[in-house]
Amino acid sequence: MTVVVLPLAAKQLFFLVGFSPVSLYNGNEIISIRSERMKSIKIVTDSTVDVPAAVLAEHGVEVVPLHLTVDGEAFIDRVTITPGQFMAKMKAARELPKSSQPSIGEFLAVYDRLGADGSEIISIHMAGELSGTVRSAEHAAALTEAAVTVVDSQFISCALGFQVLEAARLAKAGRSVADIIRRLDEIRRCTRLYVVLDTLEHLVKGGRIGRGKALVGSLLRIKPIAALVDGLYTPVSNVRSFSQAIADLAGRLVEEKAEAPVRAVAIAHADAPRWAERLKEAVTDIIGYSPIDIVETTPVISIHTGPGALALMYYAEEAPLDE
């Protein structure tokens with residue numbers, strides 16, 4: 001604690017940025033007792049967030065990338081390869097590409113650097129059921145001297161982004177770690193993620209369904225729709241075309257909108273821009289506004305979905321308490 005004695009001149013008041021002052025006036029001078037410098041909060045996420053790099057940079061979000069391997073060639077997600085470039089390589093690959101989480105050492109280096117000035121860190125990551133990324137982050141958090149809170153978002157892509165951007169907004173507004181974590185819990189409960197697959201081939205290659213089931217689905221031209229619930233993909237419907245899929249997803253959004261206002265919407269796709277635009281048109285008609293982001297999804301998702309996948313993500317809730 002630092003005690004600063006300031007002479008009182010013409011009843012001037014002094015404010016030092018970064019300190020929380022408690023001032024005493026004895027008639028001749030202001031005695032200002034100042035506590036330690038207020039700690040800032042920094043936000044970390046991983047490269048599956050599916051939020052444009054410029055937006056993340058604007059909000060001061062640090063990204064720890066995952067790793068990708070295509071036919072023995074190694075890449076760093078969104079650093080040495082873009083989603084579009086990865087899709088082209090995946091289509092030509094002899095074997096199904098692989099993804100791997102950042103190492104404990106990579107997280108540790110980021111935490112040590114960001115926490116060197118005493119800042120607290122909130123590290124928000126893709127669903128732990130889908131990847132070991134959040135586990136690597138937790139191990140690194142236990143090793144660093146920085147104060148790190150690791151959050152399993154239970155989502156991926158833009159749905160992860162909803163939590164990351166809200167955390168960054170609240171951190172900038174001076175909210176505490178506890179307040180931010182409570183708000184992320186609220187968003188998580190209100191978030192929905194649905195994905196439509198154009199092919200079952202990659203699920204077979206990844207060992208997620210059997211070849212017999214995939215063959216039946218292909219013969220019937222079935223396009224499964226799944227929801228991400230508690231970090232796990234759960235089948236919710238089957239359709240025969242993307243037109244039916246868009247109608248299905250739009251119907252689910254209508255039901256949610258009837259319960260509470262839609263706060264955020266995003267669309268992601270794996271080499272399906274035309275259907276993404278069609279879905280955006282349908283969603284715009286429902287919610288009445290057009291700032292809906294369309295992004296090429298992370299390769300970590302497209303490895304498992306294959307080309308042609310389409311995802312709708314949103315959260316709907318009444319006004320949060322801090323509004």
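So the sequence shown is residues 1 to 323, counted in UniProt numbering.
For each residue, glycine too, the CB sits at the ideal point set by N, CA and C.
In the structure shown, the three-state DSSP call for Ser157 is helix.
Counting other Cβ atoms within 10 Å of its Cβ, Ile76 stays below 16 and is therefore classed as exposed. Across the structure, Leu68 and Cys158 are spaced so that their CA atoms are roughly 20 Å apart.
8 Å or more divides the Cβ of Gln85 from the Cβ of Gly132. The stretch 116-134 makes contact with the stretch 43-50, as at least three CB pairs between them are under 8 Å. Excluding the 5 residues flanking it on each side, Leu108 has same chain C-beta neighbours closer than 8 Å at Ala140, Leu143 and Thr144, in chain order. In the structure shown, the three-state DSSP call for Pro83 is helix. Closest option to Val79, judged by alpha-carbon separation, among Val300, Leu66, Val195 and Thr234: Leu66. Secondary structure remark: continuous beta strand (DSSP E) runs of at least 3 residues inside the stretch 249-276, in chain order: 262-270. Assignment of Arg175 by DSSP, reduced to helix, strand and coil, places it in the coil class.
Distance from the CA of Ser153 to the CA of Gln163, rounded to the nearest whole angstrom, comes to 7 Å. DSSP, reduced to helix, strand and coil, places Arg189 within a helical segment of the structure shown. Here the stretch 256-270 lies against the stretch 295-303, with 3 or more beta-carbon pairs under 8 Å apart. In the three-state reduction of the DSSP assignment, Ile301 falls in the helix class.
Cβ atoms of Phe242 and Lys257 stay farther apart than 8 Å, at about 22 Å. Counting along the chain, no beta strand (DSSP E) covers Ser136; the unbroken alpha helix (DSSP H) around it starts and ends at Thr133 to Leu143. Taking Gly118 as the centre and dropping the five residues before and after it, the same chain places the C-beta of Lys39 closer than 6 Å to its C-beta, in chain order.
Taken through DSSP and simplified to helix, strand or coil, Ile43 comes out as strand. Beta-bridge annotation (DSSP): Pro224 is paired with Asn238. DSSP places Met313 in the strand class (E or B) of the three-state scheme.
Annotation for Arg169: His59 place their beta carbon closer than 8 Å to its own, counting only its chain and skipping 5 residues before and after. For Glu106, the secondary structure class from DSSP, reduced to helix, strand or coil, is helix. The shortest C-alpha to C-alpha distance from Glu120 to any of Phe155, Ala146 and Ala137 is the one to Ala146. Fewer than three Cβ pairs drawn from the stretch 227-241 and the stretch 174-186 lie within less than 8 Å of each other, which leaves the two stretches out of contact. Closest by C-alpha distance to Lys91, out of Asp71, Leu130, Ser103 and Glu106, is Asp71. The straight-line gap separating the alpha-carbon atoms of Ala276 and Gly308 is approximately 10 Å.
Counting only residues of its own chain and dropping the five nearest sequence neighbours on each side, Val254 has a CB closer than 7 Å to the CB of Ile286. Taking C-beta atoms under 8 Å as the contact rule, Val196 and Ala245 qualify, at a distance of about 4 Å. Cβ atoms of Val134 and Glu62 stay farther apart than 8 Å, at about 16 Å. The beta carbons of Glu281 and Ala316 sit no closer together than 8 Å. Counting every other CB atom within 10 Å of its CB across the protein chains shown gives Thr191 a total of 16 or more, marking it as buried.
With distances taken between CA atoms, Thr234 lies nearest to Tyr194 out of Arg252, Tyr194, Val150 and Val151. Rounded to whole angstroms, Ser237 and Ile225 show a C-alpha spacing of 5 Å.
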